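Below you'll find the structure, written out as structure tokens, and then a few comments.
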Amino acid sequence: MTTGNPSLSLAEVIAPFAGMAGALLPVLHAVQQAFGHIDDAAVVVIAEKLNLSRADVHGVLTFYHDFRRRPAGRTVLKICRAEACQAMGSDALIAHAEARLATPMHSQRADGAISLEPVYCLGLCSAAPSAMLDGQVFARLSPDRLDALLAGAMS
Amino acid sequence: MSRIVYVPGDAVAVACGADQVAAALRGHADRLGLDVTIVRNGSRGMHWLEPLVEITTRDGRIGYGPVDVADVDGLVAAGFFDGAPHPLGIGKPGEQPFLAAQQRLTFARCGIVDPASLADYIAHGGGVGLRQARALDADARIATVKASGLRGRGGAGFPTGIKWETVANAVAPRKYVVCNADEGDSGTFADRMIMEGDPFLLIEGMAICGLCIGASHGYLYIRSEYPHAIAAMATAIGAARAAGWLGADFDIEIRVGAGSYVCGEETALLESIEGRRGQVRAKPPLPAHKGLFGMPTAINNVLSLVAIPHIFADGPDVYAGVGHGRSRGTMPIQLAGNIRHGGLYETPFGITLGALVNDIGGGTASGRPVRAVQIGGPLGAYFPPHLFDTPIDYEAFAAVGGLIGHGGITVFDDSVDMARMARFAFEFCAIESCGKCTPCRIGAVRGVETIDKLIAGDQPEAQLALITDLAETMKFGSLCALGGFTPYPVMSALTHFPEDFRPDAARQVAG
Chain X
1 MTTGNPSLSL AEVIAPFAGM AGALLPVLHA VQQAFGHIDD AAVVVIAEKL
51 NLSRADVHGV LTFYHDFRRR PAGRTVLKIC RAEACQAMGS DALIAHAEAR
101 LATPMHSQRA DGAISLEPVY CLGLCSAAPS AMLDGQVFAR LSPDRLDALL
151 AGAMS
Chain W
156 MSRIVYVPGD AVAVACGADQ VAAALRGHAD RLGLDVTIVR NGSRGMHWLE
206 PLVEITTRDG RIGYGPVDVA DVDGLVAAGF FDGAPHPLGI GKPGEQPFLA
256 AQQRLTFARC GIVDPASLAD YIAHGGGVGL RQARALDADA RIATVKASGL
306 RGRGGAGFPT GIKWETVANA VAPRKYVVCN ADEGDSGTFA DRMIMEGDPF
356 LLIEGMAICG LCIGASHGYL YIRSEYPHAI AAMATAIGAA RAAGWLGADF
406 DIEIRVGAGS YVCGEETALL ESIEGRRGQV RAKPPLPAHK GLFGMPTAIN
456 NVLSLVAIPH IFADGPDVYA GVGHGRSRGT MPIQLAGNIR HGGLYETPFG
506 ITLGALVNDI GGGTASGRPV RAVQIGGPLG AYFPPHLFDT PIDYEAFAAV
556 GGLIGHGGIT VFDDSVDMAR MARFAFEFCA IESCGKCTPC RIGAVRGVET
606 IDKLIAGDQP EAQLALITDL AETMKFGSLC ALGGFTPYPV MSALTHFPED
656 FRPDAARQVA G
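Residue numbers (the working numbering), protein chains in the order written: chain X, 1 to 155; chain W, 156 to 666.
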């Protein structure tokens, strides 16, 4: 997964949001973009900088599907499970990916090479099934095409 | 001769390889020493043809599609840069029957203009609505919106003019415009397309809303699953600021969602902007009275706001002059799922479901018979073909136990297992429930369990009674549409496809 500039400190990442109304989501996005995930130590700093309780930050962090409390796999594959993709065989595509990657949905392979996750709609419903691989979108997927994309991403 | 090549930057086109096609065409143009500008336009909405590449010729724009990167060498060799014939050629895209039969008021520019260019937007008639709105007094602005008959396109169908009048009349130190671009419904992509294809239209619509209600700050909440829309809007907002369109008396700030479906519910979305869990607020107070940061707020769907510039530019009578019954104007219909000709079809209300699915959509992509269509996203009802004469109209859909929602139509062929789809509706509700109200939080989980028992043949009559009762409780007891509308897909599947819920049903259907 691509991340931002790792040389930045947490405080430097949060600083631009000082004074922004309702800054917590933009801050969490920025921290995750910079460090790949938002760990417990970061929660303490974010809470202090935004003058929130740690419980507030924890509550928001755990409510939203996007935010990670531990690092993702080096490659992240999100396959759409919503109705339009189901109508075009996303269940079979997911089963194929789980078998091929030896990784069940919602999990990361033990070697850290890949995380397999569901997503509920990428807005590509007229070209289903679709998926997001390391932030890039792909549609009209077949098991063969997915294999080719994974081979490229994980090599 | 200077040529312009159009390769859509719309996410559907990109997901089907448009970036690689654009790079390959750039390489060929450079190699041939041709004066070629590549514009990354939006999509025209004929998604089965994406990537739909176009080139300007003396006769206008000529299209080719779907173009795979592997087709590019052959296309160029055949004379693409001169608009020469090729098996992928479709002639003038605007003359395709799918486009020619539409009445595009909102999507008139989408796929045609350069979404990064304010000059191109203005050259194609953009900005007229805002200018007209500025020339009117406050009462006349609200009267214009009311006279158009525009109803909220997010799903609820509430009259937009009345909502704005309420906010305009509220007395407060600050007011806000909030655009709901958290388009989470499966089968819908109109918000995404217009943000990627004609972003200045949304900026203009939000600016007019700000004028109407007296707000100087607008928030645009876009879901994180839409990175291309976020980028297109950020570019357009930057260009609008540079040109003085934004910044002086009205400005727009983008906020990005974080994967929560329920944040598409207006009060949950306001909570999310405020930096909290996306939990639904009890109403009243309405957001129009007490919305974002406690201030009067006009929160509208993208499709409502992008309808506004046309209404001010051409007058509300033109918009109100098309439609059906109390559903006025046009609806951008999205054809999705297992459909041959998927994409965006803007049409006045009143067209029938069957015409959209079979005549315009061309039936299924798989070639098998259509068995069910879901309209209005994951909270919309499933319709069997015998209801295909239902016109697209808020009241007509309500009369047959359905809803138009955001105008997405997801088609399924005869391999679909409707018990599985009903189970998924409960499962999705359980995953996305904000947890604030009991009918949704507990009901969704109990619903999954009960459908499992029903399918397994464990006292089916008792389970059926329980599901019916649970659906009633969720429908009338939930705080918002997530719990309140989940019964639509569940009960419509049970009503129209009871055979799929028998224990031996899974073996009867194909696939």
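Where a beta carbon is used, it is the ideal one built from N, C-alpha and C, also for glycine.
Just so you know, these numbers come straight off a predicted model, no measurement behind them.
Counting C-beta neighbours from all protein chains within 10 Å, is the total for residue i 16 or more, i.e. buried, or is it exposed?
i, result
"Ala665 (chain W)", "Because the pLDDT of Ala665 (chain W) is 41, which lies under 50, any placement of that residue in the model is unreliable, and the number read from its coordinates should be weighed accordingly. Its Cβ having fewer than 16 others within 10 Å, Ala665 (chain W) is exposed."
"Thr299 (chain W)", "buried"
"Gln86 (chain X)", "buried"
"Val555 (chain W)", "exposed"
"Lys78 (chain X)", "buried"
"Ile317 (chain W)", "exposed"
"Leu187 (chain W)", "exposed"
"Asn324 (chain W)", "exposed"
"Gln663 (chain W)", "Reliability fails at Gln663 (chain W), whose pLDDT of 48 lies under 50, so the model's placement of it is uncertain and the value that follows must be treated cautiously. Flag for Gln663 (chain W) reads exposed."
"Ala21 (chain X)", "exposed"
"Gly393 (chain W)", "exposed"
"Asp226 (chain W)", "buried"
"Lys438 (chain W)", "exposed"
"Met105 (chain X)", "exposed"
"His183 (chain W)", "buried"
"Asp40 (chain X)", "exposed"
"Pro129 (chain X)", "buried"
"Asp472 (chain W)", "exposed"
"Pro221 (chain W)", "buried"
"His383 (chain W)", "buried"
"Gly164 (chain W)", "buried"
"Thr2 (chain X)", "Model confidence at Thr2 (chain X) stands at a pLDDT of 45, short of 50, so the residue's coordinates are unreliable and nothing is read from them."
"Ala553 (chain W)", "exposed"
Please report the Cβ distance between residue i and residue j, rounded to the nearest whole angstrom; I am assuming they are in contact, meaning their Cβ atoms lie under 8 Å.
i, j, result
"Val435 (chain W)", "Thr422 (chain W)", "5 Å"
"Met730 (chain W)", "Tyr276 (chain W)", "Nothing about residue 730 (chain W) can be reported from this structure: the residues present for chain W run from 156 to 666 only."
"Ala395 (chain W)", "Phe355 (chain W)", "7 Å"
"Leu61 (chain X)", "Leu28 (chain X)", "6 Å"
"Val322 (chain W)", "Ala443 (chain W)", "5 Å"
"Phe236 (chain W)", "Leu207 (chain W)", "Contact doesn't hold; Cβ gap of about 17 Å is too wide."
"Gly535 (chain W)", "Cys595 (chain W)", "Not really, about 17 Å apart at Cβ, beyond 8 Å."
"Gly284 (chain W)", "Ile463 (chain W)", "7 Å"
"Ala336 (chain W)", "Leu305 (chain W)", "That pair is no contact at about 18 Å."
Bridge partners of residue i, per DSSP?
i, result
"Gly492 (chain W)", "W:Val566"
"Ser633 (chain W)", "Its beta-bridge partners do not exist; DSSP assigns none."
"Lys78 (chain X)", "X:Glu117 and X:Met132"
"Gly498 (chain W)", "W:Met201 and W:Leu490"
"Leu24 (chain X)", "Answer is none; Leu24 (chain X) lacks a bridge partner."
"Val194 (chain W)", "W:Tyr161"
"Val137 (chain X)", "X:Met132"
"Arg132 (chain W)", "The structure shown does not extend to residue 132 (chain W), since chain W is modelled only from 156 to 666, so the question has no answer here."
"Pro314 (chain W)", "W:Arg306"
"Thr507 (chain W)", "W:Pro546"
"Gln529 (chain W)", "W:Tyr537 and W:Thr565"
"Ile377 (chain W)", "W:Ala336 and W:Val411"
Considering Cα atoms alone, identify which of the options is closest to residue i.
i, options, result
"Asp607 (chain W)", "W:Thr211, W:Arg575, W:Ala386 and W:Asp544", "W:Arg575"
"Gly505 (chain W)", "W:Val525, W:Arg481 and W:Asn513", "W:Arg481"
"His651 (chain W)", "W:Val600, W:Tyr381, W:Glu627 and W:Asp572", "W:Asp572"
"Ser115 (chain X)", "X:Gly123, X:Glu98 and X:Leu52", "X:Glu98"
"Gly152 (chain X)", "X:Val76, X:Asp91, X:Pro104 and X:Arg140", "X:Val76"
"Asn493 (chain W)", "X:Gly36, X:Ser126 and X:Gly19", "X:Ser126"
"Cys367 (chain W)", "W:Gly342, W:Phe405 and W:Tyr381", "W:Phe405"
"Arg431 (chain W)", "X:Leu8, X:Arg100 and X:His58", "X:His58"
"Gly246 (chain W)", "W:Asp237, W:Arg216 and W:Gly284", "W:Arg216"
"Thr502 (chain W)", "W:Asn456, W:Asp214, W:Leu254 and W:Arg601", "W:Leu254"
"Leu291 (chain W)", "W:Gly470, W:Arg199, W:Ala403 and W:Arg158", "W:Gly470"
"Ser142 (chain X)", "X:Ala82, X:Leu52, X:Leu93 and X:Ser53", "X:Leu93"
"Val44 (chain X)", "X:Arg54, X:Ser90 and X:His96", "X:Arg54"
"Glu627 (chain W)", "W:Pro642, W:Asp613, W:Glu616 and W:Gln614", "W:Pro642"
"Ser371 (chain W)", "W:Phe344, W:Ala403 and W:Ala398", "W:Ala403"
"Gly532 (chain W)", "X:Ala82, X:Ala148 and X:Ser90", "X:Ala82"
"Pro684 (chain W)", "W:Ile363, W:Val512, W:Ser521 and W:Ile210", "Missing from the structure shown is residue 684 (chain W); chain W here goes from 156 to 666 and no further."
"Tyr64 (chain X)", "W:Glu426, W:Trp203, W:Asp340 and W:Gly373", "W:Glu426"
"Ser155 (chain X)", "X:Leu8, X:Cys80, X:Arg74 and X:Leu52", "X:Arg74"
"Phe344 (chain W)", "X:Gly123, X:Val137, X:Leu146 and X:Asp144", "X:Gly123"
Quick one, which residues of the stretch 178–211 of chain W are near chain X if we go by CB-CB under 8 Å, in chain order?
His202, Trp203 and Glu205
Taking beta-carbon pairs under 7 Å, can you tell me which members of the stretch 420–444 of chain W lie near chain X?
Ser427, Ile428, Glu429, Gly430, Arg431, Arg432 and Gly433
What residues in the stretch 91–123 of chain X have a beta carbon less than 8 Å from any beta carbon of chain W?
Val119, Tyr120, Cys121, Leu122 and Gly123
Contacting positions in the stretch 55–68 of chain X - beta carbon closer than 9 Å to chain W
Asp56, Gly59, Val60, Thr62, Phe63, Tyr64, His65, Asp66 and Phe67
Counting only Cβ-Cβ distances shorter than 8 Å, please list the residues of the stretch 613–638 of chain W near chain X, keeping chain order.
none
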